[in-house]
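Per this note's numbering, the very first residue in the sequence shown carries number 323; after that it's consecutive. Beta carbons are placed, not taken as given, at the ideal position from N, Cα and C, and that holds for glycine.
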Amino acid sequence: MYIVAVAWIFVVLLMAVAEATSTQGTVLGAFFTLVLYGALPLSVVLYLMGTPGRKRARRAAEQVADQAAEQAAEQAAELVTSATDGNRSGHAPGGPGAAVTPEREKP
323 MYIVAVAWIF VVLLMAVAEA TSTQGTVLGA FFTLVLYGAL PLSVVLYLMG TPGRKRARRA
383 AEQVADQAAE QAAEQAAELV TSATDGNRSG HAPGGPGAAV TPEREKP
């Protein structure tokens, strides 16, 4: 990918030098040749050719973020279940023979 870019810049640079040293050319014209024939189109082409790499990087970052979110959710679920299970016996807290406070009925 970069060999084509280097070759294109070389050709455009030679065009700019030829225009600057020509009897009918100017340095300003050489500058515009370099920018409009070289840098601008090359930047667009390199941006378009780099699109698949950027997509891969974005997808990889999203996968890492999704995995981190799943792990955080699993850890939160484990904390909630361990906090609500108590001693995991399934019995009410206090054990056998524990006094239950009476509840007053509303009149």
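- [ ] Taking GLY351 as part of the alpha helix (DSSP H), name the residues at either end of that continuous run.
- [x] Here the alpha helix (DSSP H) through GLY351 covers 349–355.
- [ ] Answer yes or no: do GLN360 and VAL339 have a C-beta to C-beta separation smaller than 7 angstroms?
- [x] Per the sequence presented here, residue 360 reads as Gly, with Gln not at that position. No; because the gap between Cβ atoms is not below 7 angstroms, this pair is not in contact.
TODO: Please confirm whether MET337 and THR348 have their CB atoms less than 7 angstroms apart.
DONE: no
- [ ] May I ask you to report which of helix, strand or coil DSSP gives GLN389?
- [x] helix
Open item on the list: When you measure from the CB of TRP330 to every non-hydrogen atom of the ligand HEM, does any distance come out below 6 angstroms?
Closed with: Summarising the ligand content, the structure contains no ligands, and the ligand HEM is consequently not present.
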